[in-house]
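Chemist: Numbered according to mature numbering (1 follows the signal peptide of the UniProt record, and there is no 0), the sequence shown spans residues -22 to -1, 1 to 242.
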Amino acid sequence: MRAMWKGAISFGLVSIAVRVHAATEERTIRFRQVHRDDGGRISIRRFCDDCDREVAYEDVAKGYEVDDGQLVVVSDEELTALRPPMLRTIEVGRFVRTDEIDPILYDRTYFLEPDDVAVLPYTLLRDALRDSRRTALARVALRQVERLAAIRVRGDMLMLHTMIWPDELRVPEFPFLSAPVAVPAPELARTTSLVDAMTERFDPGGQRDDYRAAVLELVAAKVGGDAAKPPGAADAPPAQPPPTAEVQPAQPAPSRRRRATKAA
């Protein structure tokens, strides 16, 4: 397993050298856009709405849209100057009870592996967190972005969870939340009994992504045959206009022009 980041957990006078590994891997089915008739790959070209010309990648900049629709252009150099120092440190600020953290705040999950010389302090921190049922709150810079993070125990490992910032969590505002509901006791008892009857020990290994498996089976069945690059005309010929219909040429969509202002 290859480490994506190397640094140290730091709190007080303690420093624990660790390597960070991604704990999950995405297995979502991804498709490429292709031409239905011949299976050729579709490429995306970049056009400027204002000058109606194709733009080379090196001429593409970043623009931030403000309230009035104006786009403020910022350079990579300006953004780099605003980034926090890229310290190789997971800086622990405080410890909290693990059950006080709402799981909705967790984003991505990573394994923390100790360096050979840091196994003892790593183990001490792990056992202290486990025994006290605490989680460390920290800040860390991953992929050039500073993140809020939590360090907790899972089995014999310390886990690092990046977390969303508090202002990224939306507040639920639904009408039913402000309308009191009278819950009949017998119906609540029946619902509770049903929940109890269907309760089992959680086993994530027993879950399967049936859709992904079905798509992979479909692709495997198509490999090696004409269906690997299916001609669209054979399956669904394009509809032809009636002989008397007057076919009008397609009009290009009006370009949405916005004024881009360079940031001072």
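For each residue, glycine too, the CB sits at the ideal point set by N, CA and C.
Using alpha carbons as the reference points, say which of Thr87, Val97, Gly133, Phe(-12) lies closest to Asp109.
Modeler: Answer by Cα proximity: Gly133.
Chemist: Helix, strand or coil for Ala157 per DSSP?
Modeler: Coil, per DSSP.
Chemist: Please give me, in chain order, every unbroken run of the alpha helix (DSSP H) with length at least 4 that falls completely inside the region 47 to 116.
Modeler: Counting only runs of 4 or more, we get 54 to 60, 97 to 110.
Chemist: Going by DSSP in three states, Leu120 sits in which element: helix, strand or coil?
Modeler: Reduced to three states, the DSSP call for Leu120 is strand.
Chemist: Whole angstroms is fine: what's the gap from Ile7's alpha carbon to Arg190's?
Modeler: Their backbone Cα atoms lie some 6 angstroms apart in a straight line.
Chemist: Could you say which of Ala119, Tyr88, Val74 lies nearest to Arg111 if we only look at CA atoms?
Modeler: That would be Val74, whose Cα lies nearest to the Cα of Arg111.
Chemist: Can you grab the Cα-Cα spacing for the pair Trp(-18) / Ala119, in whole Å?
Modeler: If I take the Cα positions, the gap works out to 10 angstroms.
Chemist: If you draw a straight line from the alpha carbon of Arg31 to that of Arg23, how long is it in whole angstroms?
Modeler: Between Arg31 and Arg23, the C-alpha separation is close to 10 angstroms.
Chemist: State the DSSP-derived secondary structure class of Arg190, mapped to helix, strand or coil.
Modeler: It is helical.
Chemist: Should Gly(-11) go down as buried or exposed, given a rule of 16 or more other Cβ atoms within 10 Å for buried?
Modeler: With fewer than 16 Cβ atoms within 10 Å of its Cβ, Gly(-11) is classed as exposed.
Chemist: With Ala167 as the anchor, note down where its alpha helix (DSSP H) starts and where it stops.
Modeler: That run of the alpha helix (DSSP H) goes 163 to 175.
Chemist: Going by DSSP, name the residue or residues bridged to Ala127.
Modeler: DSSP, once it has assigned bridges, lists Ala116, Thr140 as partnering Ala127.
Chemist: By a C-beta neighbour count over all protein chains shown, 10 Å radius and 16 as the cutoff for buried, is His13 buried or exposed?
Modeler: Exposed, because fewer than 16 other Cβ atoms sit within 10 Å of the Cβ of His13.
Chemist: Counting Cβ pairs closer than 8 angstroms, one from the region 133 to 147 and one from the region 81 to 88, do we hit at least three?
Modeler: Because the criterion of three Cβ pairs below 8 angstroms is met, the region 133 to 147 and the region 81 to 88 touch.
Chemist: Hey, would you say Ala114 sits closer than 7 angstroms to Ile129, going by beta carbons?
Modeler: Cβ atoms of Ala114 and Ile129: closer than 7 angstroms.
Chemist: Assign Ile(-14) to buried or exposed, taking buried as 16 or more other Cβ atoms, counted over all protein chains shown, within 10 Å of its Cβ.
Modeler: That one is buried.
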